[in-house]
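In what follows, a single structure is set out as structure tokens and then discussed.
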Amino acid sequence: MSSPSKLTIQAFESDDCSGEPVVSYVAQVNPNTYSVDRTITYNATSAIGNAGAVTKYIGMPPRTMKFELLFDGTGVIETKNSTPFDVAAELRKLEATAYSFDGKIHRPRYLLIAWGSVTPFPCVLTSLSITYKLFDVQGNPLRALANVSFMSAEPATDLEISADKRSPDLMHVATVRAGDNLPQLTAKVYGDLRYYLEVARYNSIINIRSLRPGQQIKFPRLN
1027 MSSPSKLTIQ AFESDDCSGE PVVSYVAQVN PNTYSVDRTI TYNATSAIGN
1077 AGAVTKYIGM PPRTMKFELL FDGTGVIETK NSTPFDVAAE LRKLEATAYS
1127 FDGKIHRPRY LLIAWGSVTP FPCVLTSLSI TYKLFDVQGN PLRALANVSF
1177 MSAEPATDLE ISADKRSPDL MHVATVRAGD NLPQLTAKVY GDLRYYLEVA
1227 RYNSIINIRS LRPGQQIKFP RLN
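In our numbering, the protein residues as written are 1027 to 1249.
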């Protein structure tokens, strides 16, 4: 997938975001900034009388992405064919893409954020807060800001590789995430990236730079 010049939010019914999106939303203006948070969870315990604490690794929660979208219908920002920008209608489009409940899958849809070199970002919406800033004489909004938060959502088949699960004696299957590359995945599974060419041959991968999000890679047992 090529990265669009405008931030795009695509909605899917499948957790691997495969096929054509059900609906998409393209931002009027790209965000000035965005943040991606990564955290690690530990359980800290200490014995009575000890000043220090023992930290036990628990896991890595999903990443979060946050940014702000501007909706401006004052005419300051040019639109295609000089069509007036309807702030209320555009906000409804955003909600229909990222917030609405899909009766077919009995939940809000899975999302894929595409823009620039950090994407695509598979996720779900966790928060949408709209602040209306300016109105016309009839009370219709002319400018609004939407603060949105997303949580990364990997497919259910995605491989969870941790120290106690990694073993070269077992077959592993990994689902490619945005930004993954074959040497990196190989190193996670085997603890050594030098086997990536063997993995490429096993999966009939001709170009190791052409991995796509959602693609499944098999890592065979090492002899």
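Yeah, the Cβ is synthetic: ideal placement off N, Cα and C, and Gly gets one too.
Computed from a predicted model, the values in this text were never measured in an experiment.
What is the DSSP secondary structure of residue 1225, reduced to helix, strand or coil?
Residue 1225: helix per DSSP, three-state reduction.
Is the separation between the beta-carbon of residue 1041 and that of residue 1179 shorter than 9 Å?
yes
Can you grab the Cα-Cα spacing for the pair residue 1058 / residue 1207, in whole Å?
Distance between the alpha carbons of residue 1058 and residue 1207: 28 Å.
Contact between the stretch 1042-1052 and the stretch 1100-1110: three or more CB pairs below 8 Å?
no
Could you compute how far the alpha carbon of residue 1240 sits from the alpha carbon of residue 1152?
22 Å
Compute the Euclidean distance between the alpha carbons of residue 1223 and residue 1204, then round it to the nearest angstrom.
20 Å
Would you give the residue range spanned by the beta strand (DSSP E) that residue 1036 belongs to?
1034-1038
Which ranges does the beta strand (DSSP E) cover as unbroken runs of at least 3 residues, wholly within the stretch 1082-1114, from first to last along the chain?
The qualifying runs are 1090-1098.
Would you mind sorting residue 1091 into buried or exposed? The rule is 16 or more other CB atoms within 10 Å of its CB.
buried
In this structure, does DSSP put residue 1061 in helix, strand or coil?
Of the three classes helix, strand and coil, the one that applies to residue 1061 here is strand, per DSSP.
Starting from the Cα of residue 990, find the closest Cα among 1084, 1065, 1061, 1060 and give me that residue.
Residue 990 falls outside the range modelled here, since the chain spans only 1027 to 1249, and no answer is possible.
Residues bridged to residue 1174 by DSSP?
1093, 1154
Going by DSSP, what residue range makes up the alpha helix (DSSP H) through residue 990?
Because residue 990 is not part of the residues shown, which for the chain are 1027 to 1249, the question remains open.
Pull up the distance between the alpha-carbon of residue 1220 and that of residue 1212, whole angstroms please.
8 Å
Label residue 1172 either buried or exposed according to how many other C-beta atoms from any shown protein chain fall within 10 Å of its C-beta, with 16 as the threshold for buried.
The residue is buried, with at least 16 neighbouring Cβ atoms inside 10 Å.
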